[in-house]
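See below for the structure under consideration.
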Amino acid sequence: MAAPEITVTTCTSIADIPNTEWQRLAGCENPFLRYEFFQALEASGCTRPETGWTPHHLIFRRDGHICGVAPAYLKSHSMGEYVFDWSWAEAYQRHGLPYYPKLLIAIPFTPSQGPRLLLDDDARAELTPETLDDLLSNLAAQLGAHSWHLLFPNATDQALLSHDQELHRIGCQFHWHNRNYQNFDDFLAELTSRKRKSIRKERRQVAEQGISFRHLHGRDISDQVLSAFYLFYQATYLKRGQRPYLNKAFFEQLRESLPEHLHVIMAIRDGEMIAGALFLASESTLYGRYWGCLDEYNHLHFETCYYQGIELALTLSLQHFDAGAQGEHKLVRGFEPIITHSWHGILHPGFRDAIADFTREEADQVTGYYDDAHSVLPFRKQTQE
-16 MAAPEITVTT CTSIADIPNT EWQRLAGCEN PFLRYEFFQA LEASGCTRPE TGWTPHHLIF
44 RRDGHICGVA PAYLKSHSMG EYVFDWSWAE AYQRHGLPYY PKLLIAIPFT PSQGPRLLLD
104 DDARAELTPE TLDDLLSNLA AQLGAHSWHL LFPNATDQAL LSHDQELHRI GCQFHWHNRN
164 YQNFDDFLAE LTSRKRKSIR KERRQVAEQG ISFRHLHGRD ISDQVLSAFY LFYQATYLKR
224 GQRPYLNKAF FEQLRESLPE HLHVIMAIRD GEMIAGALFL ASESTLYGRY WGCLDEYNHL
284 HFETCYYQGI ELALTLSLQH FDAGAQGEHK LVRGFEPIIT HSWHGILHPG FRDAIADFTR
344 EEADQVTGYY DDAHSVLPFR KQTQE
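FYI, my numbering numbers position 382 of the sequence shown as 365, with every residue one higher than the one before it.
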């Protein structure tokens, strides 16, 4: 007798999936996959139809039982994704075709690699790339979407996404790796003399402006500190003429429901908070997520987000520091290039072929950029891998 087929449906709230089922499949190690993270997004109103992020989380079932889940949204725009497809949407529009809505399988506002298809072992073994493509493409069509997109998967998920009907994009980020450093000076010792002196000079100039730093964790982050941080966070967006993606209620709920993952670093001058950065930590990785300030200070951004972040990763004995998307200025500060991935199911055959040509050309450019970045790393030659 044939084994029951795997099916996939969606639900419009994380509350429609039992917490125990989600936790069984997602675990508790990655903060962005915690049930409470999605609860905070929904309860605060950050992911709802009015913001263009309508929850449609995937539920995989076999014989009526849940065998997998995935965070997913029906999107009416492409903001907050960090894998840019604006040109694709414009091409659809020029031909009088709708590009939105699209089905997005991703962590909102979070360009960090990790698991996206949270499947049990039997389901992962049973699914093939062809089967998964059929499931996701049929689901997208049923929802009235014209495409599906899975952003920043890890290697395990990528093995299920390699299919000739799906389009693979790559990008480049810069991450810091802890190579058994005991302290910041150990890290600096691995850099060339010129880069080591440059970083020390930047840190010294921050201190000479009378700026010190305070590290806070979890529920030790007071309402006063959280309010100050949110003011700084808002300023980062307002300076670019944008509204912030996340509201204060989201950060308040994060502090209450995931305190073990949450860290804030505040910059202090003359007894006043002048800037702040928010981090989330797993058992192995520090994630630098949000930062802001009201006034400009020399090298303050580098110190608060990168050097203080490295200090925090070392204090927590973490092996990896993901400081977010873009920013090749990280390269000269000891952050190394890594390749990121996304996979895209385009339902329109003509556009699929055209976008496939684009992704191939883009991959050549990104690979060249990645190679060039590796060639200018600030490490002494014998320490590079």
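By construction, the Cβ of each residue, glycine as well, lies at the ideal position given by its N, Cα and C atoms.
At a Cβ-Cβ threshold of 7 Å, E64 and G328 do not count as neighbours.
The continuous stretches of beta strand (DSSP E) do not include F21, which lies in the alpha helix (DSSP H) extending over residues 18 to 26. Taking C-beta separations shorter than 6 Å and ignoring five residues to either side along the sequence, the partners of L122 in its chain run V(-9), following chain order. Close CB contacts of L24 within its chain, under the 7 Å cut and outside five residues either way in sequence, are with T30, P91, F233 (chain order).
Residue W326 holds the alpha-carbon nearest to the alpha-carbon of L119 among E243, W326, T350, G351. Shown here, G201 sits in a helix according to DSSP, grouped into three states.
The way I'd put it, the stretch 163 to 172 doesn't touch the stretch 258 to 271; fewer than three beta-carbon pairs between them come closer than 8 Å. Listed as beta-bridge partners of S130 by DSSP are I329.
Boundaries for A142: no alpha helix (DSSP H) harbours it, and the DSSP string shows neither H nor E there. Between the C-alpha atoms of I0 and D103 there is a straight-line separation of about 15 Å. The stretch 72 to 82 makes no contact with the stretch 42 to 53: fewer than 3 CB pairs, one atom from each, lie closer than 8 Å. Secondary structure note for V(-9): its beta strand (DSSP E) is the uninterrupted segment -11 to -6. A direct Cα-Cα distance of roughly 15 Å separates E191 from T287.
Per DSSP, the unbroken alpha helix (DSSP H) holding P112 starts and ends at 112 to 125. Assigned with DSSP and collapsed to three states, F15 falls in helix. In the DSSP annotation of this structure, the continuous segment of the alpha helix (DSSP H) that includes D206 starts and ends at 206 to 221. Sequence-distant partners of A124 (beyond 5 residues in either direction) whose C-beta falls short of 8 Å from its own C-beta, in its chain, are L330. It is roughly 24 Å from the alpha-carbon of N166 to the alpha-carbon of D203. The shortest C-alpha to C-alpha distance from H132 to any of Q156, C155, G224, H60 is the one to H60. The C-alpha of F67 lies about 16 Å from the C-alpha of L57. In the DSSP assignment, Y273 falls within the beta strand (DSSP E) that extends over 268 to 276.
According to the DSSP assignment, L87 belongs to the beta strand (DSSP E) that extends over 85 to 88.
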